[in-house]
Amino acid sequence: MSFRLKTILGVAAIEAVLLALLVWSGLLFIERSAEQEFTQRVQATVQAFAITAKGAVIASDLASLQSFVRETLTYPGVIYARVRDVENRVLASAGDREVLERPFVADADFGAIADGVFDTAGTIAEAGVPFGRVELGLSARTLREIKMQAWRYGIGLALLEMGLVALFSLALGMYLTRQLKNLTEGARRVAAGELGYQVPVRGQDELAETAHAFNVMSARVRQSHTVLAGQEERLRRVLNSTHDAIIVTDDAGIIESFNAGAEAMFGYRADDIIGRNVSMLAAPPHREQHDDYMRRYRETGRAHILGVERQFEARRQDGGVFPMALRVNEINEAGRRRFLGVIHDITEHKRAENALRETKEAAEEAATATTQILDEMIYDLELAATMQKALLPPPLRVPGATLEWIFQPSHFIGGDIFDYFMLGERHLSFYQLDVTGHGVPAALLSFTLSQVLAQGAEEQRVRRQMAGLGEAAVPPLVVADINQRFQSSIDPPRYFTMIYGNLDLYSGRVILTQAGHPRPIWLHRADRRAELVGTGGFPVGLFPDVEYDAIIFNLACGDRLFLYSDGVTECANAAGEPFSEPRLLRLIEDTIELPAVAVAEQVDQALRNWRGDEDLREWMGEGYHQDDITLLILEREPQP
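Okay, structure coming up:
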């Protein structure tokens, strides 16, 4: 074998080996770069998706979440997108239904993909508190096809080149050697970090194509590096946009990264603190114990603080101390251990906790004092109710007449009052009044009125002032005088309705004055019929110069006269329907054969049954009504 042939064959062999190595290393580099770029693009996409969806998840804005998910599907390669809350419930999803129905298992790297979809997830958190996560699936099919195509193309090109070298090495030996030298130089420069370096391409043969492929590979590597650098810059901007401090240290606690939030929180510039021990940011005693924590972890591998939020005090550059919440997580990259700490200033939170505790203590003290006051008020109201009932007259039995009554205040005490008394041996005077409103204010006015009208004092005073006055004029003048004396001076005005009347026990003649009070019911025993008497009149206490009229009629023996407050007819059932005058008239007609005392019991029971609110009655008491209920039954005794 000639030296020329040996040289040519040696050159051919060397060319073949170098070409094989170059294609192999280039394809492996492209594959790793493509996988790394794909993985980083996936992580950047899921982090961006998590940041975009965070506000909507915290606000439970499902419409916005669904819109974000659908928009995410427009990104190249996204197969599906899904958002879950902290309890793993799906809040929004979109994409390939078949893929969505499969259990979600995150892929750690590209080589672990078994179904052609790269599954990844990102946590949605605010101030270290998780609120849910986002899940994405990106198609790996295109990248695999590119890898397979690159391998086929590289291997085919290498085989073709080796054949061409064997066939044309005699004529192209020197040329091939020169081109290989250019490729070698290009590979060296790319390996040295000169990404994008272009080798000169001469001719149009296979080796020129190899050089062109190298140039394309180099350009793509530079493009991928540029994309990754841009993503890294965006991630850096995101980290610097948060108010929380994010610090990265090595396994000895030396600071490697210090974001803008950390600069603002601690007062140090990143350039001044990177390379120093992170323990300088802690206040005693944690400052002195930090290195021991790190040493024990390196020696034993047992972590007591990783993934757990801890609260303690930190120290700023100016020496100021503030409370912080710290969460530390471990990061392993190519066998190198790092720690990422997220720090949140909880000064306002602690201040709010202290204020809440003080407010709670003050509220408990106020509640205790309020309970004591309420107990005293209830005692006073119960005593007042006892006094009010003591003012009511007992049922009356006199020759010629019987009086029975029902009285149920809406609260402990009410605004209804009534009384009856004899003036001489022949005349029985009676009245019933209803002060507007309920409770203590109404009861105070009714107490006052009962004292003014007690035992006919007001009627006797009117008779003395107007001697010779006819019987028919007495009730109107009594009501008019009361109206003059009790004009309301408050807003809203406090007024009342009333009926004042006299019964002649010998003749059965009744004289009534009605002042805004419900019309009395006259029950005729002879024809077993009940009718309403009067037209209403004007309430007392609104206008001083109102004139009142007398209503005159004769009760036959056995007839009954019913005086009642509007709480009777307006008593509502569970559906809000009032008891009403027609229903009261029918009830009175149905009880005509019962004695007066039994009629009072029958009406009282009918109102309780009509109201029918057992829960309310159990809570407020057996006698509770929405309004005061008063019923006065005056019966002229039948002939023996």
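Numbered by the working numbering, the letters in the sequence shown go through residues 826 to 1465 in order.
The beta carbon of each residue, even a glycine, is placed where N, CA and C say it ideally should be.
- Under the three-state reduction of DSSP, N1040 is assigned to helix.
- Separation of P1025 and T967 (C-alpha to C-alpha, rounded to the nearest whole angstrom) is 31 Å.
- In terms of CA proximity to A841, E1031 leads the group R977, A946 and E1031.
- Straight across, the Cα-Cα distance linking H1174 with M1090 is about 16 Å.
- Nearest to L898 by C-alpha distance, out of V911, S885 and S918, is S918.
- By the beta-carbon neighbour count (other beta carbons within 10 angstroms, threshold 16), M1291 is exposed.
- Excluding five sequence positions before and after N1007, the CB atoms of its chain that fall closer than 7 Å to its own CB belong to V1024, P1025 and A1036, given in chain order.
- For D1452, the closest of A1423, G1392 and G1401 by C-alpha to C-alpha distance is G1392.
- Beta-bridge partners of H1252 (DSSP): L1248 and D1329.
- Per DSSP, reduced to three states, the secondary structure at V871 is helical.
- Counting only runs of at least 3 residues, the region 1257-1297 fully encloses no beta strand (DSSP E) element at all.
- In this chain, the beta strand (DSSP E) harbouring T945 covers V942 to E951.
- In the structure shown, Q1023 falls within a coil segment according to DSSP collapsed to helix, strand and coil.
- For the pair Y1320 and V1365, the CB atoms are nearer than the 8 Å cut-off.
- DSSP places S1104 within a helical segment (H, G or I) once states are collapsed to three.
- Under the criterion of beta carbons closer than 8 Å, E951 and R907 do not qualify as touching, at roughly 20 Å.
- DSSP places P1403 within a strand segment (E or B) once states are collapsed to three.
- Per DSSP, A1355 lies in no alpha helix (DSSP H) segment; the continuous beta strand (DSSP E) that holds it begins and ends at R1354 to L1357.
- Judged by beta-carbon spacing, I1080 lies beyond the 8 Å limit of A975, meaning their Cβ atoms are not closer than that value.
- The residues Q1427, V1428 and A1431, in chain order, have a CB closer than 8 Å to that of L1412 in the same chain once the five nearest residues on each side in sequence are set aside.
- Burial check for A1038: the Cβ neighbour count within 10 Å reaches 16 or more, so the residue is buried.
- Shown here, G1166 sits in a strand according to DSSP, grouped into three states.
- Taking the Cα positions, P1219 is about 46 Å away from E1190.
- In the DSSP assignment, G1392 falls within the unbroken alpha helix (DSSP H) covering D1391 to T1394.
- For I1307, the enclosing alpha helix (DSSP H) stretches over residues V1299 to R1310.
- Each residue's CA atom was taken as its position, placing L916 and D1096 some 43 Å apart.
- In the displayed model, A838 falls within a helix according to three-state DSSP.
- Residue nearest to V930 within the set V942, R922 and G920 is V942 (criterion: CA-CA distance).
- Using a Cβ-Cβ distance cut-off of 8 Å, the region 1392-1402 and the region 1351-1368 are not in contact, since fewer than three pairs of beta carbons, one from each stretch, lie closer than that value.
- Here H1068 is exposed: its Cβ has fewer than 16 other Cβ atoms, across all protein chains shown, within 10 Å.
- Here DSSP, grouped into helix, strand and coil, assigns Q1233 to strand.
- Residue range R922 to E926 is occupied by the alpha helix (DSSP H) that includes V924.
- Note: V1073 is bridge-paired with S1082 and L1165 in the DSSP secondary-structure output.
- Here E1138 carries a strand assignment [DSSP, helix/strand/coil].
- Counted as a single uninterrupted DSSP element, the alpha helix (DSSP H) harbouring S889 occupies residues L887 to T897.
- For L961, the uninterrupted beta strand (DSSP E) run begins and ends at V954 to S964, by DSSP.
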